[in-house]
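A.B. asks:
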Amino acid sequence: MRLPVARMTFAALIAVLAELAAVGLTATAAWLIVSAAAQPPLAALTVAIVIVRTLAIARGGLRYAERLAGHSAVLRAMADLRGQVYAALLRRKDIREGDALTRVVSDVDALQDGLLRCVVPACVAAMVAAIGLTVAAVMSLTALVVLLCALAISGLLLPLVAARLAARTARRTVQDRARLADHMLDLIHGWAELEVYGARTAKLTQAEATAASIAAVERRPGAFIGALGVAVQIGAVFALITLLPAGPGTAALALGTLTAMEVFLPLASAAARWTEVRPAIARVHALFSEPGTPPRPAPEVVLDLRPGKHIAIVGPSGAGKSTLLTEIARNEPIARGAMADGHIFATTIRENLSFARPDCTQDDLDRVARLARLDSWLASLPQGWNTVIDADTVSGGQRQRLLLARALLADAPIVLLDEPVESLDTTQGDEILADVLAATKDRAVVLVTHRLSHLAGFQDVVVLEDGRVVQRGSHEDLVGREGYYQDSSRAEEMISTLANSRHTTALTCENDSDLDHITT
C-alpha cells in the first residue's frame, strides 16, 4: 500500500503557511487597532497596514492552494489504491461479495477521510504549535506557560476525550443501527407487500425515527467537546489579558493565540473519526499482507493459449471445470468470455452488448447477433436493439445467446466459454456453437462443456476429476481410450440414438397409447 508522502507533506506545509498567515493577520490587526487608538503618526502604522493586506491575500491564496494540493494528492492516491485493492481481491477466492465491496468502496473512502481529516490536520497543528510556542517564549514566559497549557488541553486532552466518547457512542448505537438496517431491508425487499397492506408509511416512519435517534445520540458528544474547546480558547485569552500588562503587544498575543487555537479545534472531531478509520485501514492493510489464493484446483494443467488454439475442459459436476476457467480469467486480463454467471444489465440490448466494446459499430452488432441467432428475436421486438431488458425479462436461452454475442463482440485474443449453449435445444445449440468456434478460429478458445459431440475436431481435451487431470488428448484419441471420456461419449450416443428412435416411432404411431406401449 503506497501513500503519497511527498505530496501530502507539501500540502501540509502549505496548510501551515496558511494558518501562520491567519495568525499573523489577526495579531497584526489587533496590534494596529490598539496602536491606532493612541493616534500616532500615520507613517508609524503604514508597515502594519501593508502587512495586514498582504497576509489577508496570502491567507486566502494559501488555503486554496492547500485544498487543491491536498485533495489532488489524496484523490490520486485513492484512485491508485482502489486499483491495488481490486487487484488484491482478484487473487482471493475466499472473500464474500459484501466484504469485497466494503473494502473497495467504504474502506478506501475511510482511508481518504483519515488522510484529509485526521493525519494532515494533526501534522499541521503540531507544526503550528511548535512555531507558536517558540514565538510565545521569545515574547513572554507567562505567555509560553498559558499557551502550553491551552494547547495541551485542546490538542491532547480533548481529542482523547472525544475518541472515548465516540467509541462509547458507537457501542450505544449498535442496536439502533441494526434496527435501522432491518427497516431498510424491509423497505427495499418488502416494498410491494408493505404497499399492499398499507404499512409502508408506518415502516418508513419507524426508519426515520430510528435514524433521528442515532443522529441525536451522535450529536451530543460533538456539542460537548465543541463547547469545551471554545471554553479553553476564552480561558487562554482571558489569562493572557489578565496576567500581561496592557498594550498593543498583549492584544496581538491574545488574539493571535485565539486564532492559533482554532487549528486545534478540528482535532477532537479528527480523533473521533479516527476510531472509525482505524479498522478500515487495518482491513486494507490485511488485504495486502494476507496470502493470496489457495492452491488451484488443477495446478498441473498447462494450457497453450496461442491464437487459433481451441481447448476443451470436460468432467463430471464438481470436478473443477468452471473453477479452472475462473482461474484463467483471473490470470489472463485479456481474456473475455461467456461465463455461466454472466450478468445481464438492466438496460437496452445494444448497451448490454456494447459494454464489451464501446466503440463497436452497428455492423459489428449485427454480425454477432447473426452468429448467436439473435437476429430473428431482435426483429420481433418493436424497439429492436433499443429494447430495455434485464435478467428477469429474458429466457435462459436468450440470456446465453446474449452472453455469447457479447463474448464475440469483445474481440479479445482469448475467449472463455462456460457451458455456452446449455439452455438451448441440442440442434440449435450445436449449430450456434459450431458457428462461434468457426468465428473464433484465429483466437484462443477454452470451452467448458458436458456435450462431447461439440468436441469433434478438438486436438486438446482436458478431462478433470476432483480437481485433477485424469485424461488429456484429442477427441478422437480419448474416444478410443478407456476411461471417463469414452464412457461419457458412449452414453451420449446411446441417449441420442434412443431420442431419435422415440421421435421416429412417435411419427409412425397411430395414437398415444401405441407410443406408451412401445416406450414401455
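Start counting the sequence shown at 1; every next residue gets the next number (the UniProt record's numbering). Ideal Cβ placement from N, Cα and C applies to all residues, glycine included.
(1) Work out the CA separation of Ile495 and Asp512 for me, nearest whole Å.
(2) DSSP three-state call for Arg472: helix, strand or coil?
(3) Near Asp113, which residues of its chain fall below 8 Å by C-beta distance, leaving aside the five closest residues on each side in sequence?
(4) Would you report the Cα separation of Arg468 and Leu303, rounded to the nearest angstrom?
(5) Please classify Ile344: does DSSP put it in a helix, a strand, or coil?
(6) Would you call the CB atoms of Leu115 and Val104 closer than 8 Å?
(7) Since Val284 and Val74 are thought to touch, with beta carbons under 8 Å apart, how far apart are those beta carbons, to the nearest angstrom?
(8) So, is Glu19 buried or exposed, given that buried needs 16 or more other C-beta atoms within 10 angstroms?
(9) By the DSSP assignment, the beta strand (DSSP E) with Ile313 in it spans what residues?
(10) Along the beta strand (DSSP E) that carries Leu447, what are the first and last residues, could you check?
(11) Sort Val217, Cys149, Val128, Ile188 by Cα distance to Ala170 and report the nearest one.
(12) Compute the Euclidean distance between the alpha carbons of Val448 and Val415, then round it to the nearest angstrom.
(13) On the DSSP bridge list, what partners appear for Glu465?
(14) Express the C-alpha separation of Thr26 and Leu45 in angstroms, rounding to a whole number.
(15) Measure the C-alpha to C-alpha separation of Met78 and Asp109 and round it to an integer number of angstroms.
(16) Does DSSP put Val415 in a helix, a strand or coil?
(17) Apart from the five residues on each side of it in sequence, which residues of its chain come closer than 6 Å, Cβ to Cβ, to Ser72?
(18) Pull up the distance between the alpha-carbon of Arg82 and that of Phe355, whole angstroms please.
(19) Pick out whichever of Ala369, Leu402, Arg490, Leu258 has its Cα sitting closest to the Cα of His343.
(20) Looking at C-alpha atoms only, which residue of Leu165, Val436, Leu417 is the closest neighbour of Lys321?
(21) Have a look at Ala298 and Ala166 and give me their C-alpha separation to the nearest angstrom.
(22) Is it true that the CB of Leu478 sits closer than 8 Å to the CB of His454?
(23) Going by DSSP in three states, Val23 sits in which element: helix, strand or coil?
(24) Taking the alpha-carbon positions, what's the Val446 to Leu111 distance?
(25) What residues are listed by DSSP as bridge partners for Val161?
(26) Out of Leu204, Leu243, Ala192, point me to the one whose CA is closest to His183's CA.
(27) Checking 8 Å against the spacing of the C-beta atoms, do Ile234 and Ala268 come in under that value?
(28) Taking contact to mean 3 or more Cβ pairs, one atom from each stretch, closer than 8 Å, check whether the region 5-22 and the region 33-49 are in contact.
(29) In whole angstroms, give me the CA-to-CA distance for Lys47 and Gly256.
(30) Using a Cβ-Cβ cut-off of 8 Å (strictly less than) and excluding sequence neighbours within five positions of Asp176, which residues of its own chain qualify?
(31) If you check the beta carbons only, do Val146 and Ala236 fall under 8 Å apart?
(32) Going by alpha carbons, who is nearest to Ala21 out of Leu55, Pro4, Gln398?
(33) Between Ala69 and the rest of its own chain, which residues show a CB-CB distance below 8 Å, the 5 nearest in sequence each way excluded?
(34) Does the Cβ-Cβ distance between Leu305 and Ala444 come in under 8 Å?
(35) Once the 5 residues before and after Ala29 are set aside, which same chain residues still bring their CB inside 6 Å of it?
(36) Quick one, are the C-beta atoms of Leu156 and Leu228 less than 8 Å apart?
C.D. replies: Per the coordinate set shown:
(1) At Asp512, the pLDDT of 46 sits below 50, so the modelled position is not reliable and the matter cannot be decided from this model.
(2) Secondary structure of Arg472 (DSSP, three-state): strand.
(3) Arg273, Val277
(4) 14 Å
(5) coil
(6) It is not a contact, given that the beta carbons lie outside the stated cut-off.
(7) Rounded, the Cβ-Cβ distance is 14 Å, inconsistent with contact.
(8) buried
(9) 310-314
(10) Counting along the chain, the beta strand (DSSP E) containing Leu447 begins and ends at 444-448.
(11) Of the candidates Val217, Cys149, Val128, Ile188, the one whose C-alpha sits nearest the C-alpha of Ala170 is Val217.
(12) 11 Å
(13) Arg468
(14) Cα to Cα, the separation comes out at about 15 Å.
(15) 8 Å
(16) strand
(17) none
(18) Roughly 22 Å between the two C-alpha positions.
(19) Leu402
(20) Leu417
(21) Since pLDDT at Ala298 reaches only 47, below the 50 mark, its modelled position is unreliable, and the value read off the structure follows with that caveat. If I take the Cα positions, the gap works out to 49 Å.
(22) no
(23) helix
(24) 40 Å
(25) Answer is none; Val161 lacks a bridge partner.
(26) Leu204
(27) no
(28) no
(29) Before going further, note that residue 47 is Val rather than Lys in the sequence given. Straight-line Cα distance between these residues: approximately 18 Å.
(30) Thr210, Ser213, Ile214, Val217
(31) yes
(32) Minimum Cα distance to Ala21 is reached at Leu55.
(33) Arg7, Phe10, Ala11, Ile14
(34) By the CB criterion at 8 Å, Leu305 and Ala444 fall inside the cutoff.
(35) Val52
(36) no
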